[in-house]
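Q: I am attaching a structure below and will ask some questions about it afterwards.
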Amino acid sequence: MGVSVARIRVLVVDDHRIFAESLAAALAAEPDVDVSAAGSGPAALRCLERAAAEGRRYDVMLVDAELGILATGGTRTVPAPRGTPEGAPATAPVDGISLVAGVRSGQPQIRTVVLAEKDDPRRAAMALQAGASGWVAKDCSLQRLLTVIRGVLRDETHLPAALLTGVLRELTATRKHRTESEQLVESLTPREREVLRCMVAGLGRKAVAERLFLSPHTVRTHMQNVLGKLGVHSTLAAVALARRAGVGPAALTGDVVERGGQLA
């Protein structure tokens, strides 16, 4: 009698078709691996949604670190994956790290591993922060890749030893910047924090005034105080700092509001 073997469902996502098909073929030779390949971010999202609808979700997604990055340095955009939090942008860049983050948000049970042509501590740290469970060189052995795939399914995190120091340094630096941003935000008064959350939500001065039942002149003063205490010179910079500190946008109701009035 045959013994039933638990199957691992793997999705390879790489816009280099030959590499994607070759890797998929190599993985498919394993007795416990079912594998599919997608040649772009949009194709990957369609595969994931179709599999979820059919009740046969993928277990692991292997993503090219350079997915969707064009020669000009730009990125394409696609609809955000199903399950993206309400209020998030309708489109997201289809670079590998953004795809990892989108899938982490929409289907958190899927483990993701980033495949890279070269070691890059900064990008590896970004991948981990986005929700990746591993970073592997594209030219690693098949056995090494299989070890990583099986390891991340046991909730292990896999990084090349040569990258570990650099990644830890990047994560420490990120945490330091976040801590500094948090301290600056803590210097604001409760009303100024309310105003900042409205700024993060993209509300202009008039909309903030209506929302908080203040005069536009008072809101202008609060905004100037926020910029001064945060040590920045524009609303965009204030919003970026607020997001680093974990400040979320003010919850918007169904009211029609003015947007973008102070984003220059």
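Going by my numbering, the first residue of the sequence shown is number 33, and it counts up by one from there.
All C-beta atoms in this analysis are idealised placements derived from N, C-alpha and C, irrespective of residue type, glycine included.
1. What whole-angstrom Cβ distance do Val65 and Val42 have, given they're in contact under 8 Å?
2. Quick one: grab the DSSP three-state call for Thr250.
3. Which first and last residues belong to the beta strand (DSSP E) in which Gly166 is found?
4. When you compare only the Cα positions, how much space is there between Gly115 and Glu86?
5. Our contact map puts Ile142 next to Asp91 with C-beta atoms below 8 Å; I'd like the distance itself, whole angstroms only.
6. So, Asp46 versus Asp96, is the Cβ gap smaller than 7 Å?
7. DSSP on Arg88, reduced to helix/strand/coil?
8. Would you grab the beta carbon distance between Val145 and Ser165 for me? Rounded to a whole angstrom, and I think it's under 8 Å.
9. Taking Ala156 as the reference, which of Leu174, Ala194, Gln139, Ala283 has the closest Cα?
10. Please say whether Leu259 and Leu273 have beta carbons closer to each other than 7 Å?
11. Name the one or two DSSP bridge partners that Thr144 has.
12. Please look up how many angstroms separate the CB atoms of Ser213 and Ala277, rounded, as I've assumed it's under 8 Å.
13. Whole angstroms is fine: what's the gap from Ala75's alpha carbon to Gly183's?
14. With respect to the beta strand (DSSP E) encompassing Arg41, which residues constitute its N-terminal and C-terminal limits?
15. Under DSSP, the alpha helix (DSSP H) around Ser137 begins and ends at which residues?
16. Looking only at its own chain, which residues have a Cβ that is under 7 Å from the Cβ of Ala52, when we skip the five neighbours before and after it?
17. Could you name the residues that DSSP lists as bridge partners for Val67?
18. Have a look at His249 and Glu242 and give me their C-alpha separation to the nearest angstrom.
19. Could you check where the alpha helix (DSSP H) with Thr179 kicks off and where it finishes?
20. Excluding sequence positions up to five away, which residues of its chain have a Cβ less than 7 Å from the Cβ of Gly163?
21. Among residues of its own chain, excluding the 5 on either side of Thr104, which ones have a beta-carbon nearer than 6 Å to its beta-carbon?
22. Among Ala83, Pro140, Ala169, which has the Cα closest to the Cα of Glu98?
23. Can you tell me which of Ile181, Val251, Leu94 puts its alpha carbon nearest to the alpha carbon of Arg223?
24. Can you name the residues that DSSP bridges to His190?
25. Taking the alpha-carbon positions, what's the Leu235 to Leu228 distance?
A: The answer reads as follows:
1. Residue mapping note: residue 65 aligns to position 33 of the sequence shown, counting from 1. Residue mapping note: residue 42 aligns to position 10 of the sequence shown, counting from 1. By a beta-carbon distance limit of 8 Å, Val65 contacts Val42. Their separation comes to about 6 Å.
2. One-based indexing of the sequence shown puts residue 250 at position 218. Three-state DSSP puts Thr250 in a helix.
3. Along the sequence shown, one-based indexing puts residue 166 at 134. Where Gly166 is concerned, the enclosing beta strand (DSSP E) stretches over 166–169.
4. Looking up residue 115 in the sequence shown gives position 83. Looking up residue 86 in the sequence shown gives position 54. Its pLDDT being 37, under 50, Gly115 is placed unreliably by the model, and the measurement read from it follows with that caveat. Roughly 16 Å between the two C-alpha positions.
5. For the purposes of this step, residue 142 is identified with residue 110 of the sequence shown, where counting begins at 1. For the purposes of this step, residue 91 is identified with residue 59 of the sequence shown, where counting begins at 1. Confirmed, about 7 Å.
6. As a working mapping, residue 46 is identified with position 14 in the sequence shown. As a working mapping, residue 96 is identified with position 64 in the sequence shown. With contacts defined as CB atoms closer than 7 Å, Asp46 and Asp96 qualify as a contacting pair.
7. On the sequence shown, position 56 is the one that residue 88 refers to. Looking at Arg88 - three-state DSSP - the assignment turns out to be coil, as it is neither helix nor strand.
8. As a working note, residue 145 is residue 113 in the sequence shown. As a working note, residue 165 is residue 133 in the sequence shown. Their Cβ separation, rounded to whole angstroms, is 6 Å, which keeps Val145 and Ser165 in contact under 8 Å.
9. Position 124 of the sequence shown, counting from 1, holds the residue named residue 156. The shortest Cα separation from Ala156 among Leu174, Ala194, Gln139, Ala283 belongs to Ala194.
10. For this step, residue 273 is matched to residue 241 along the sequence shown. For this step, residue 259 is matched to residue 227 along the sequence shown. For Leu273 and Leu259, no; Cβs fall outside 7 Å.
11. As a working note, residue 144 is residue 112 in the sequence shown. DSSP, once it has assigned bridges, lists Met93 as partnering Thr144.
12. For the purposes of this step, residue 213 is identified with residue 181 of the sequence shown, where counting begins at 1. For the purposes of this step, residue 277 is identified with residue 245 of the sequence shown, where counting begins at 1. Rounded, the Cβ-Cβ distance is 4 Å, consistent with contact.
13. Stepping through the sequence shown from its first residue, residue 75 is reached at position 43. Stepping through the sequence shown from its first residue, residue 183 is reached at position 151. When rounded, the distance between both Cα atoms is 26 Å.
14. Residue numbering aside, residue 41 sits at position 9 when the sequence shown is read from its first letter. Run containing Arg41: 40–45, per the beta strand (DSSP E) assignment.
15. Here residue 137 refers to the residue found at position 105 when the sequence shown is read from its first residue. Note, Ser137: alpha helix (DSSP H), 128–138.
16. Numbered from 1 along the sequence shown, position 20 holds the residue referred to as residue 52. Non-local C-beta neighbours of Ala52 in its own chain, meaning closer than 7 Å and more than five positions away in sequence, comprise Val44, Asp46, Ala69, Gly71, ordered along the chain.
17. Here the question's residue 67 lines up with position 35 in the sequence shown. Paired residues: Val42.
18. Start at 1 with the first residue of the sequence shown, and residue 249 comes out as number 217. Start at 1 with the first residue of the sequence shown, and residue 242 comes out as number 210. Near 12 Å, if we compare the C-alpha coordinates of Glu242 and His249.
19. Working through the sequence shown from its first residue, we reach residue 179 at position 147. Annotation for Thr179: the continuous alpha helix (DSSP H) segment containing it runs 174–184.
20. Reading the sequence shown from its first residue, position 131 is the one you call residue 163. So the qualifying residues of the chain are Val132, Ala133, Arg136, Thr144.
21. Position 72 of the sequence shown holds residue 104. In this prediction, Thr104 has a pLDDT of 34, which is less than 50 and means its spatial position is unreliable; what the coordinates show is noted afterwards. So the list is empty, once near-sequence residues are dropped.
22. As a working mapping, residue 98 is identified with position 66 in the sequence shown. Nearest C-alpha to Glu98: Ala169.
23. In the sequence shown, residue 223 corresponds to position 191, counting from 1. Check the Cα spacing between Arg223 and each of Ile181, Val251, Leu94: the tightest is with Val251.
24. Against the sequence shown, residue 190 aligns to sequence position 158. Looking at the DSSP assignment, His190 forms a beta bridge with Gly166.
25. Taking the sequence shown and counting its residues from 1, one reaches residue 235 at position 203. Taking the sequence shown and counting its residues from 1, one reaches residue 228 at position 196. The alpha-carbon atoms of Leu235 and Leu228 are separated by roughly 10 Å.
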